[in-house]
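Read through the structure below, which is laid out as structure tokens, and then see the notes.
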């Protein structure tokens, strides 16, 4: 093993900015992070390096390695994040690449990242890494979770037995990172780690292989010998190429030793490593009965169980969606913006500004009924933005707390009745933000049946954030309309989902997911997420609103608008709606939120009674998705399915609206 | 292929991922040009890319999102 004196290293100033330039000459100390999948390597990588990384394919493969530069104290380093590795005897292309990095001598220091909760399962890989002969540091990640689950690890004792530093870290929280940096620096100064001792003939066999190999290898011959003994074809080719004349001799020795081991060599070696690992951990790892009564843990579990989870869900929806988004966002804030800012401030100013334009059509383009400023900008700024802002704030609080994965677990059983799984909660939740993007996310569902069903339910009965917020604001003053809307939309979702689950062939996939801990949302995180979403939403929505305003203005100026409204008259009449609502449905086809804003505006002008509001809100929510969502359905599910869904949704929405009108007119 | 990329943390499962490793869902999107969202390779969740001005503000304030 090589020991690199600190003096010979590139010493960078602490203040020097890290660079993301690749390092062909290997002038830096290269620290390679290795570990099984899902142990937090990437979290640790991010913690050690920061915001930027370089991703490149390993030569000759499509497997990617992530690299970045950092400074460990005064030492300039390149940190390499490798694909997950269970053993040095690889079974996947990703594992093969990680092994090549290790056996190719690229690492000056190897950091073995272990999930502290499962140290016994991952220690055999540590032993294999010791065989490689590079300076090694063991990072026991997620140490806080392990402690909470009652796993106590005596790190000093383990370090003494392994002969390498063992550092407990919590990468996601940045705990233990300074100690890990110190350990990596110290590892560069220490001699080669001790090789593990194996019994039952395995240790002797590996030693004999080691003695027989005479060539120069980037890794210690112990690792090469062990892999040769286990029949690894790639290492066999490497040995043949390196040993040249001695190749046949090495091969004969290997065959002799394998025969002597009796059972299949890969199994014997792996079993002996596991036995050695278990022996090493004797007295080092202690399992106590975990009290696990942390409030967040108890609450987290309860939220994913129906008895507590469902009432909690209804409370969250009532307080968050109805009171905060609907009543506060859609009522108080929109009211202030409309009356104080627009009606008293901006509108008179704009009217004076455009009064000088002598051509009525041009004036109408800006400040007319469908004007860019009076319709497009006012809808976007005064109606949609405050409602969407309130929704995104509420959404970000739930997101940052870790509630959504628990919602997925809670709804898994119910979703199975609809032919979906808890995994479908992700597109459904995202649908409440934007149905178009959520339709794209349905591709992450495992079976075609789930993808088709989720796409249909998103198009039919999941209103987007702005539509939902506007409708809640609209219905907040009328319990009859609100109750009708909830029953109609929930009923449609469940009925169509249940029928779809029965009719569509196939099965739903099993659902498993790692649930992050429940935590108190951080104000800064919540604001960051809300502002990010609001910025992108506004930039996306404003041009489309302006474009739709221009199209409506053109239709109005050419008289086509009146023809369309007259054409829709009988249909709207059957629903008990006035002709003026035709505009709402036209706007809704451009964008769902635009239509909802139109309905909101119409309702505020006093043109609709409570029943008409309920009928229009139900029909508009179930009505065909907006243009963008339909295009996405077309792309994701193909033309046949997309047009099939459109053919189902349009009559279904108007049919439900018709029934709602009939029932309410008969009984109220 | 080599590219400098940003490390992101998924807002749903909280696992980190390189922006380049996000699911290539954008090809299917009709508004993919200038898309401001990436999908987590672990769970598929759609994460908005934070605006540049917020990134600068965060580094100026030394704000650490993962903590």
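Protein chains in written order, with the numbering used here: chain A, 5 to 672; chain B, 79 to 145. Yeah, the Cβ is synthetic: ideal placement off N, Cα and C, and Gly gets one too. From a predicted model like this one, the values you see are computed outputs, not experimental measurements.
Under the 10 Å beta carbon count, residue 506 of chain A is surrounded by fewer than 16 other beta carbons and is classified as exposed. The beta carbon of residue 70 of chain A sits closer than 8 Å to some beta carbon of chain B. Separation of residue 229 of chain A and residue 210 of chain A (C-alpha to C-alpha, rounded to the nearest whole angstrom) is 6 Å. Here residue 138 of chain A has 111 and 114 as same chain residues with Cβ atoms under 6 Å from its own Cβ, once five neighbours each way along the sequence are excluded.
Under DSSP, residue 115 of chain B shares a beta bridge with B/126.
If you draw a straight line from the Cα of residue 569 of chain A to the Cα of residue 587 of chain A, it comes to about 7 Å.
Between residue 624 of chain A and residue 600 of chain A a beta carbon distance of about 7 Å is seen, short of the 8 Å cut, so the two are scored as contacting. Looking at the DSSP output, residue 82 of chain A shares a beta bridge with A/34 and A/73. Under the 8 Å Cβ criterion, the stretch 253 to 263 of chain A does not count as touching the stretch 158 to 165 of chain A, having fewer than three qualifying pairs. Within 10 angstroms of the beta-carbon of residue 363 of chain A lie fewer than 16 other beta-carbons, which makes it exposed.
Beta-carbon to beta-carbon, residue 280 of chain A and residue 131 of chain A are separated by about 6 Å, close enough to satisfy the 8 Å threshold.
Listed by position along chain B, the residues whose Cβ is nearer than 7 Å to that of residue 441 of chain A are 115 and 124. At least one CB of chain B lies nearer than 8 Å to the CB of residue 520 of chain A. Among the CB atoms of chain B, none fall inside 8 Å of the CB of residue 506 of chain A. Between residue 520 of chain A and residue 91 of chain B a beta carbon distance of about 6 Å is seen, short of the 8 Å cut, so the two are scored as contacting. Cβ contact annotation for residue 482 of chain A (same chain, cutoff 6 Å, sequence separation greater than five): 614, in chain order.
Under the Cβ distance rule, residue 129 of chain B counts among the residues neighbouring chain A, one pair being separated by less than 8 Å.
For residue 555 of chain A, the uninterrupted alpha helix (DSSP H) run begins and ends at 527 to 562, by DSSP. Secondary structure note for residue 665 of chain A: its alpha helix (DSSP H) is the uninterrupted segment 643 to 671.
Residue 119 of chain B is outside the set of residues whose beta carbon lies under 8 Å from a beta carbon in chain A. Against residue 398 of chain A, chain B offers no close residue; the least beta-carbon distance is about 14 Å (beta-carbon pairs closer than 9 Å). Taking the C-beta atoms as reference points, residue 173 of chain A is found nearer than 8 Å to residue 48 of chain A. Taking all protein chains in view, the Cβ of residue 322 of chain A is surrounded by fewer than 16 other Cβ atoms within 10 Å, so the residue is classified as exposed.
The stretch 156 to 202 of chain A contains, as complete alpha helix (DSSP H) runs of 4+ residues, the segments 159 to 166 and 181 to 193 (chain order). In this structure, A/232 is the residue among A/232, A/301 and A/300 with its C-alpha nearest to the C-alpha of residue 269 of chain A.
The continuous alpha helix (DSSP H) containing residue 430 of chain A extends over residues 429 to 435. Against chain A, the beta carbon of residue 89 of chain B has neighbours under 7 Å at 403 and 533, listed in chain order. Shortest Cα-Cα distance from residue 39 of chain A to any of A/598, A/90 and A/418 involves A/90. Apart from the 5 residues on each side of it in sequence, residue 458 of chain A sits with its Cβ closer than 8 Å to the Cβ of 424, 428, 431, 432, 446 and 449 in its chain, given in chain order. Nearest CB-CB separation between residue 93 of chain B and chain A: below the 8 Å threshold. Neighbours of residue 537 of chain A in chain B, taken as residues at a C-beta separation under 9 Å, are given in chain order as 126. Distance from the CA of residue 290 of chain A to the CA of residue 155 of chain A, rounded to the nearest whole angstrom, comes to 6 Å. At a cut-off of 8 Å, the C-beta of residue 411 of chain A has no neighbouring C-beta in chain B.
Among the residues facing chain B, residue 300 of chain A is not included, as its CB has no counterpart in that chain under 8 Å away. The residues 358 and 361, in chain order, have a CB closer than 7 Å to that of residue 367 of chain A in the same chain once the five nearest residues on each side in sequence are set aside. Take residue 292 of chain A, set aside five residues on each side of it, and the residues of its chain with a beta-carbon closer than 6 Å to its own are 154, in chain order.
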